[in-house]
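If you read the sequence shown in my numbering, its first letter stands for residue 62, the second for the next number, and so on. Cβ coordinates follow ideal geometry from the N, Cα and C atoms, glycine included. Step one of this worksheet: look at the structure below.
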Amino acid sequence: ITYLSFRSHDIVSISLLIAIDEDRLSFVRVLIFGRQEMDSTDRASLEKRPGILIIGSSNVGKRTILSRLLSVNFEDASDSSSELLVNGWTINTKYYTADVSLWMAHLHEEFSIRSLPISDQLTALVMVFNLNDLSTLDALKHWVPSIDLQKFEILLCIGNKVDLLPGHPVHAEYRRRLLKREESSADPDFCQSGISETEGSSLLGDEEPSWEIRRSCLEWCTEHRIEYIEACASNVDFDKCLSIDGDSQGVERLYGALSAHMWPGMVLKSGDKITEPSLPVKE
62 ITYLSFRSHD IVSISLLIAI DEDRLSFVRV LIFGRQEMDS TDRASLEKRP
112 GILIIGSSNV GKRTILSRLL SVNFEDASDS SSELLVNGWT INTKYYTADV
162 SLWMAHLHEE FSIRSLPISD QLTALVMVFN LNDLSTLDAL KHWVPSIDLQ
212 KFEILLCIGN KVDLLPGHPV HAEYRRRLLK REESSADPDF CQSGISETEG
262 SSLLGDEEPS WEIRRSCLEW CTEHRIEYIE ACASNVDFDK CLSIDGDSQG
312 VERLYGALSA HMWPGMVLKS GDKITEPSLP VKE
């Protein structure tokens, strides 16, 4: 794997991630930030793919979630940037591969899905908010009535930054795992790594306010037939502690929801290609 990053006066940052598999070029991802547009051919190619839109207010962790999905580090860029970020992504599962485009947008008053060049190609909508700042959820609630949710085949809403929510039961699970790992660690301070004073104080109480917040989020999502996911994208270990009724949450669940879809153009590992999803023909 080769990772390249450089600057110029026209482009703030370009990052290329190239993976080689058995002497063949497996995929090339190009991320472009700044003032200069990407090559028109590349852009046109991405606009033809089925699209996934990740949207949310400033500093809710959209870019971190995108980074986790793509396994790419975004340098010198802010989650509050008003720039529209586009990236090609190959979903690679045990059974198939599918080329899609990932679009990330900052939610503001002037934002309109209809203004996006791929508005008709969008298949999935991933909304992100900060669980510790419900004004970011209110922004989504205010925006959703202005769009047609029925046009999306996948609807997800991520309550991110769970680690900042006092009283969330995952704090206890996270600490339990750290303590378990401490037993085999020579560092006596290891059990405290990754836990802030706010997190530590939440381990023993204040669960009722936390539950009310989560219940409110879940009710709104259920009302609009949106799958609700809790995540802590910035802390992989904390993120992996999350679960609801035994089902995984976090970025793992986001990936699972996206990879479970029948994407147009998906190529089965058997070699067959599905142009459009269809039901079996009855004989």
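- For Lys123, the number of other beta carbons within 10 angstroms of its own is at least 16, and it is reported as buried.
- Pairwise C-beta distances place the region 317–336 in contact with the region 154–170, as three or more of them are shorter than 8 Å.
- Straight through space, the alpha carbons of Thr125 and Leu225 are spaced by roughly 15 Å.
- Annotated as distal: Gly117 and Thr184, with beta-carbon spacing of 8 Å or more.
- Relative to Lys109, the option among His203, Gly326, Ser295 whose CA is nearest is Gly326.
- Uninterrupted alpha helix (DSSP H) stretches at least 4 residues long and entirely within the region 149–214 occur at 196–204, given in chain order.
- Boundaries of the beta strand (DSSP E) harbouring Leu329: 327–329, taken from the DSSP string.
- Around the C-beta of Asn191, 16 or more other C-beta atoms lie within 10 Å, and the residue is accordingly described as buried.
- Excluding sequence positions up to five before and after Leu279, its CB lies within less than 6 Å of the CB of Tyr289, all in the same chain and listed in chain order.
- A buried status is given to Ser271, since no fewer than 16 other beta-carbon atoms sit within 10 Å of its beta-carbon.
- Excluding sequence positions up to five before and after Asp308, its CB lies within less than 8 Å of the CB of Arg314, all in the same chain and listed in chain order.
- For Gly317, the enclosing alpha helix (DSSP H) stretches over residues 311–320.
- Ala292 places its beta carbon less than 8 Å from that of Val223.
- The Cβ-Cβ distance between Met165 and Ile115 falls below 8 Å.
- Bounds of any beta strand (DSSP E) do not take in Ile287, whose DSSP letter is neither H nor E.
- Rounded to the nearest angstrom, the gap between the Cα atoms of Glu170 and Asn148 is 24 Å.
- Exclusion of the five residues before and after Ala294 leaves Gly122, Thr125, Ile126, Arg129, Asn221, Asp300, Val312 as the residues of its chain whose Cβ lies within less than 7 Å of its Cβ.
- If you check the CB distance, Val161 and Ile113 come in under 8 Å.
- In the DSSP assignment, Val147 is bridged to Trp164.
- Going by beta carbons, Arg276 and Leu216 fall outside the 8 Å limit.
- Take His203, set aside five residues on each side of it, and no residue of its chain has a beta-carbon closer than 7 Å to its own.
- When the Cα atoms are used, Leu145 and Glu214 turn out to be separated by approximately 22 Å.
- Cβ atoms of Arg238 and Cys302 come within 8 Å of each other, at about 6 Å.
- Ranked by Cα distance from Asn120, the options Pro227, Glu273, Asp194 are led by Asp194.
- Around the CB of Gly228, 16 or more other CB atoms lie within 10 Å, so the residue is classed as buried.
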